[in-house]
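Residue numbers (the numbering used here): 536 to 696. Inspection log for the structure reproduced underneath, given as structure tokens.
So, in structure tokens, the structure goes:
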């Protein structure tokens, strides 16, 4: 989650067009968004924050699964990263495999999550009823990692990068 200090840098990854905006403008817009989110949630802040933090944990597990699969299985070393390519989009992977693998990770997360407002079917078997056990992060990682192992070779075969 970007904070006020880093939001300007974080948002600039969306493209060159946004890099032309002064960073302080991005910070002001983000502050407005934070305030717009905070005002309606002030009366139940703790619940909203807890749910939000859980989703950050789930997201991080899925992202890590996809990134680990790419690094440890396909790239295999730091030498495989060509730094000069990162400013040339035509040399980079399109990312279809990563996006689809992330979606599979979300499916794993949902089936394994145990929250007060939703309990997935696998979570019910991972602990005592009615809440089961929260295995959403582990399943998100596993589904994302495993599906990327199958999807990345297809992306390389059909797209070539």
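The beta carbon of each residue, even a glycine, is placed where N, CA and C say it ideally should be. All figures in this text were calculated on a predicted structure; none of them were measured in a lab.
A direct Cα-Cα distance of roughly 10 Å separates residue 654 from residue 664.
Annotation: the region 611-693 contains the following complete segments of the alpha helix (DSSP H) (minimum length 4 residues), in chain order: 631-647, 656-660 and 671-693. A distance below 6 Å between beta-carbons, with the five flanking residues on each side excluded, links residue 657 to the following residues of its chain, in chain order: 646 and 647.
Sorting 597, 682 and 695 by C-alpha distance to the C-alpha of residue 675 places 597 at the top. With a 10 Å radius around the Cβ and a threshold of 16 neighbouring Cβ atoms, residue 608 comes out exposed. For residue 541, the secondary structure class from DSSP, reduced to helix, strand or coil, is coil. The Cβ neighbour count for residue 644, taken over all protein chains shown within 10 Å, is at least 16; the residue is labelled buried.
Going by DSSP, residue 568 is part of the alpha helix (DSSP H) stretching over 558-576.
DSSP places residue 592 in the helix class (H, G or I) of the three-state scheme.
Of the residues assessed, residue 581 falls on the exposed side of the cut-off, its CB having fewer than 16 other CB atoms within 10 angstroms.
An exposed status is given to residue 622, since fewer than 16 other beta-carbon atoms sit within 10 Å of its beta-carbon. Per the coordinates, the alpha-carbon of residue 616 lies some 26 Å from the alpha-carbon of residue 552.
For residue 600, the secondary structure class from DSSP, reduced to helix, strand or coil, is helix. Non-local beta-carbon contacts of residue 662 in its own chain, meaning distances under 6 Å to residues more than five positions away in sequence, involve 668 in chain order. Around the beta carbon of residue 542, 16 or more other beta carbons sit within 10 angstroms, so the residue counts as buried.
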